[in-house]
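Please read the structure below before turning to the comments.
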Amino acid sequence: MNERHATTTLSAGTAVGLAGVLATGFVAGWERFWINWIFWFLFVLTIGLGCLFIVALEHVVSARWSVPLRRVPERLSSLAILMAPALLLALLSLPVLYPWTRPEAHADPVIAGKAGWLNVPFFAARAVACVGLWAISYRILVSGSVRQDQERNPRFNVRVRRFAPVFLVIFGITITVVAFDWISSLEPAWYSDVFGVYIFAGTFLAGLAASTLAVLYLMAKGKLPGVQADHVYNLGGFLFAFTVFWAYIGFAQYLLMWYANMPEEVFWYKERLQGGWGLLVLALAVFHFFVPFLVLIPRIAKSEPKRLARIAVVVLLAHWLDLYWMVFPVLGQGPVFGWPELSFALFFIPGSLLWFRHMMSRGAAMPVGDPILREGLEFRL
Amino acid sequence: MNSEAVASTNELIPEILRHPPVLDGVVTPDGLDDQVLSTVERKPPRAWFIAFTCTGIAMLTGLGLMGYTAAMGIGVWGNNIPVAWAFDITNFVFWIGIGHAGTLISAILLLFRARWRNSISRFAEAMTIFAVMVAGLFPLLHVGRPWLGFWLLPYPNQRGIWPNFRSPLIWDVFAVSTYFSVSLLFWYLGLVPDLASLRDRTRSSVRKFIYSVLSVGWRGSAFHWIHFERAYLIIAGIATGLVLSVHSVVSFDFAVSLVPGWHMTIFPPYFVTGAIFAGFAMVVMAMVVVRTTMNLNHIITMYHLEVMNKIILTCSCLMGYAYLLEGWTAWYSMNKFVHHAFWAYIAGTYAWAGWLTIACNVLVPQLFWVRRFRRSYPVMLLVAFGVTVGMWFERFVIIVSSLHQDYMPSAWHLYKPTYVDIGILLGSFGLFFTLVLLFARVLPVIATSETKAALPGAQPRHAGGSYE
Amino acid sequence: MSNTAFSVLGLFDSSQQLMEAIPSVKAKVSARLNAYTPYPVHGIGKALGLRKSPVGGMVFVMGLIGALSAMAFELWTAGIDYPLVTAGKPYLSWQSFVPIMFEVTVLFACFTSGLGMLFLLNRLPFFRHPMLRSKSMPFVTRDKFALAVEAEGQALDVDAAAAALRAAGAQMIEVVEQPAPLAPVSPNFLMRVFSVIGISCLVAGCLTYWGVKLFPVTIPMVHMLDQPRLDPQQENSYFGDGFGMRMPVAGTVARIPLPYAVKSQNDASALGNPLPRTESVLKQGRQAYDTVCAVCHGLLANGEPSLTSAYGAKPANLVAEKIRNYSDGMIHFVIMNGKNAMPSYASDLTQDERWAVVHYLRALQRALNAKDTDIPKESRK
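Quick mapping for you: the protein sequence lines, in order, are chains F, X and L. In terms of the working numbering, the first sequence is residues 469 to 849. In terms of the working numbering, the second sequence is residues 8 to 475. In terms of the working numbering, the third sequence is residues 74 to 454.
Below is the structure:
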């Protein structure tokens, strides 16, 4: 489909979605509204942050092969900045969704004890700090790279190579804060110290899948000349490896909680394994691990654009399912997917795609100012 | 990687961004052979004999004390109730951890096609095998009747019982033995072409016979290389998963329990990171010695050491993150027993060990942010030694500090190691380094065929994909 | 043409020269081409027309077999054959079987890869290949690249092959001869081989016997049998009389009412059954009876146990009229003191259990001597 057509369709979808989103609060209830809002902003935020992490990681290890592809995750990471106002808006959901904001919850000594961390002012301060740090990092990592297209100044590479490790530290802390604050504190009695790593695994994988999908799409459109099957193979390899990593962390957390069977920990899993949620977990295991793992084992699969694109879509859907399975059970019902969820989907997904297309159109599709670009294009396995 | 294209594009890139050469100077395949394989063919220098004597004495002392333990029972150790695991499991986890760097370097870096791995992969893999051999002695010894160790294996028996597959200790048996076998296989396969080189160079008929048998008649046929490369890459890929799993299974020994301070879900990735951390420190120390004593400066270059130090720095930051998370989650859990366990870590009897751990693991390696320190022998050795000490004490703190004061105050008891414990620990280092010294003399320490394959000009131009 | 030549080799200085030589030699020669190199050369498989390696498929299949068989084995042993309750987990606790399943998968996969490659695909070890005895072999393992025109059992046009190789730029040409036929095996040699095998078997057998039978009972392996503790009837020099076992201190009071003052069965009727006839007492009595009495008196107390043939004496029929007419106290007396061939069971049953057995016996007596009036009116025909 041609560009104008696509933009119109996406805009139409977003508009319809927006209408539904606005209606949800009044018609379906504010709890439903806010749970969707939290879930969707987390989904898009994690994709954006995952891409920003990819960019920083590429700088830290001085990867050559990924330089031609780097503009794609750079542009996708702007989704994190786009979600910043959504995150700040989500602070309004605290009294609705988060039990620890209510004074009755403090009758439980476990929650009362955590009040030093789980209180609205500190929570909000953390949220603002995270957004601020991401904005600064984005400016240095991405805006600098885009500027290099014009200035052709290799000093950017030197600067960013020094900053990228610092961003990795920032990322580690902020993604942990996001995980514990926004997801884990929905059920404040629960705790798991690997949770930050688990969310990181999903985030990185989502960023990889989104970047891979975008790269393959742009390659099909001819926008990335010089990018070969060899580059694509590496993307496929990373997707494969981090699918395994996510499954490892996810299963390890489950196994340890299952084995010790401590009531104060295991209730979180119990809720999420009963009834409809149990089926969802099965789907999660199948689509987040078994399908990508088995499909990507053969060497050719990792460099075949069609197969890889399909698997990238599966991984993104699975990441969606992962967040859904973690967040929605607090509603106390089985898995729900009605018009509110559909509206939010119509709002966020085409909205993000529109944003990405807009960002990509603002500059070159490759970091043309990077002196290492040529070496990157010459990469062969 | 197409090396001539690299050379031409390299000129366009500012000096500071250029990919540093992996090897110093001009290295040719026959020069490589002469340099590396000749150490195997020569008599060792005096320094080697002195080192061998020292490590040999430590090893024999350790083995003797192990025999004493087997004869007299675990009572000669300092273990008590509740501190039923102390030096034994600390040493086990420590040594298994040391092994992980080898697999990471040889397997994971092979998958990433990092060229710098070739110079150090053989040595690192050998260190893995020796570390796992040393580590395996401890679970066997700590059961009290090591001669009945075969009971851990599932074989049909007249007692009508099977091992308890639900227990992480049995998971350990499978994980460690799989790790050992696979590492040994991987190391051996990589050695086959080098043994063929040795077979063809040697003039001694005894050596020729030995090398012929060991190299199974390898002749470098393209028909064979095609299968060899595939099998080698596949094992490398699978070994990557194995590395993650082995130390995770070891961490399960602790994390599935209810002991406060042990049941932390972050243990699997935390242990794996710690293992890589300790392993790289050991590899760095070994490489510094190899560089200075075996005249291999241009093959194991400062670049290799610098990259390894960067990895050590990364792991140090990850360990810092893990400690932070553990401490914060301990508070967040609002579990008074966990609170007490962490109070004991920082202010209890063994708090000195806890602070030593943090200083050695998190603070000292931060020196590596400075490039000059990454390339300096004294700083490198200080940091690597500090990490080794820090990681040992980290295991000690996790095990002994958590155990000595858990739920019931009436069961609290301090722990003091006996001379047998300490002697066995020193002996384990002696055993490890004895094996390393023997390896350095008997087998080529550098994977010559792999290094030759990655030299500039080694591969034909315009070759797409691999040998296929 | 030569019938004795195995192959004609041409040595080249670099992999580049080798790759350039292959097409030109292939065009001039009809025999099979092979290359001998010190390390794998990229692209040579395609140049020589080699098939892709099947190692990947083999590994996948064996890995799958490993995974399934490990899980099945664990489920069978821990769930069916030897079910142990561990930490309250269900018998078929698949979660706890995953780690071992993973390790076994890795083991099967890696060994298939490594040993399958060596033994099956490469057919190594093989020490009689003519290449191993050629002059070029040391050059090949060092730094030269050999292109070989191989005979494969047919006659080889040596001159044409050598000319083609020289034209392609080979530095050194060598004609490798077929290996000399193996000498027939002499009887002496066979005898030596079999005697070595025989002696090894003997030695292995002796070591196994010693290992399994004698080693566990040699010192220090027997130390656990001979422990520094006080065993029953062991002497002890701590006490003046040398006895390890001591009598209770004078004035010790029994914890349960032990004294049984009844001297004869006739006086026993004075004691009545202190326990009420409730369902729980009857249940207790049944359990005690089945454990201790039914061996000889039978489960129905009719003197028909499963062990009759083993004993000379015939145990009493406890539901016969004689025993029915005994008082509770008289039955209790027999339990306490035994009768005829029956020993005293005072130490086998607690006081409560004894009286409960009496109650149960009464129930059995009633059941095996039922009257019509015992059947409820509604059920009577």
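Cβ coordinates follow ideal geometry from the N, Cα and C atoms, glycine included. Everything numeric in this text was worked out from a predicted model, so none of it was measured.
Contacts between residue 133(L) and chain F, judged by CB atoms closer than 7 angstroms, involve 765 in chain order. DSSP links residue 109(L) through a beta bridge to 228(X), 219(L). As for any alpha helix (DSSP H) of minimum length 4 sitting wholly inside the region 479–541 of chain F, the runs are 498–528, ordered along the chain.
Between residue 174(X) and chain L, the shortest Cβ-Cβ separation is below 8 angstroms.
When DSSP states are grouped into helix, strand and coil, residue 83(L) belongs to the strand group.
Residue 792(F) has a beta carbon lying at 8 angstroms or more from every beta carbon in chain L. From the listed residues 284(X), 160(X), 316(X), 458(X), the smallest Cα separation to residue 117(X) is found for 458(X).
Taking 8 angstroms as the cut-off between beta carbons, none of the residues of the region 116–145 of chain X comes near chain L. Against chain X, the CB of residue 176(L) has a partner CB under 8 angstroms away; the residue lies at that interface.
Contact annotation: residue 452(X) and residue 129(X) have beta-carbon atoms nearer than 8 angstroms. Interface with chain X (8 angstroms Cβ-Cβ cutoff): residue 282(L) is excluded. Rounded to whole angstroms, the Cβ separation of residue 134(L) and residue 186(L) is 12 angstroms, and the two are not in contact under 8 angstroms. From the listed residues 663(F), 742(F), 748(F), 506(F), the smallest Cα separation to residue 273(X) is found for 663(F). Between the alpha carbons of residue 678(F) and residue 757(F) lies a gap of roughly 17 angstroms. Per DSSP, residue 248(L) lies in no alpha helix (DSSP H); the unbroken beta strand (DSSP E) holding it starts and ends at 245–250.
For residue 451(X), the nearest beta carbon of chain F is not closer than 8 angstroms to its own beta carbon.
In the three-state DSSP reduction, residue 351(X) falls in the helix class (H, G or I). Comparing C-alpha distances from residue 581(F) to each of 295(X), 405(X), 341(X) shows the shortest one belongs to 341(X).
The DSSP-derived three-state label of residue 210(L) is helix.
Annotation: residue 294(L) is outside any alpha helix (DSSP H) and is labelled neither H nor E by DSSP. Counting along the chain, the unbroken alpha helix (DSSP H) around residue 578(F) starts and ends at 577–581.
Burial state of residue 611(F) is exposed, judged by a 10 Å Cβ sphere holding fewer than 16 other Cβ atoms.
For residue 582(F), a Cβ of chain X is located within less than 8 angstroms of the residue's own Cβ. Between residue 387(X) and residue 314(X) the beta-carbon gap is near 12 angstroms, outside 8 angstroms, which marks them as no contact. The DSSP-derived three-state label of residue 121(X) is coil. A direct Cα-to-Cα measurement between residue 741(F) and residue 749(F) gives close to 7 angstroms. For the region 252–281 of chain X, the residues whose beta carbon sits under 9 angstroms from a beta carbon of chain F are, in order, 252, 255, 258, 259, 262, 263, 264, 265, 270, 271, 272, 273, 274, 275, 276, 277. Proximity to residue 323(X) across 391(X), 199(X), 156(X), 467(X) peaks at 391(X), based on C-alpha coordinates. Below the 9 angstroms Cβ cutoff, chain F contributes no neighbours of residue 88(L), its closest Cβ being approximately 15 angstroms away. A straight line joining the alpha-carbon of residue 51(X) with that of residue 448(X) spans about 7 angstroms. By the beta-carbon neighbour count (other beta carbons within 10 angstroms, threshold 16), residue 632(F) is buried.
For residue 282(X), the CB contacts under 6 angstroms within the same chain, skipping 5 residues up- and downstream, are 104, 107, 254 in chain order.
Within the region 325–341 of chain X, those residues whose Cβ lies closer than 7 angstroms to any Cβ of chain F are, in chain order, 328, 332, 333, 336, 339, 340, 341. Within chain L, the residues placing a beta-carbon under 9 angstroms from that of residue 723(F) are 168, 169, 171, 172, ordered along the chain.
In this structure, residue 755(F) lies near residue 789(F), with their beta-carbon atoms less than 8 angstroms apart.
Residue pairing for residue 412(L): DSSP places it in a beta bridge opposite 415(L).
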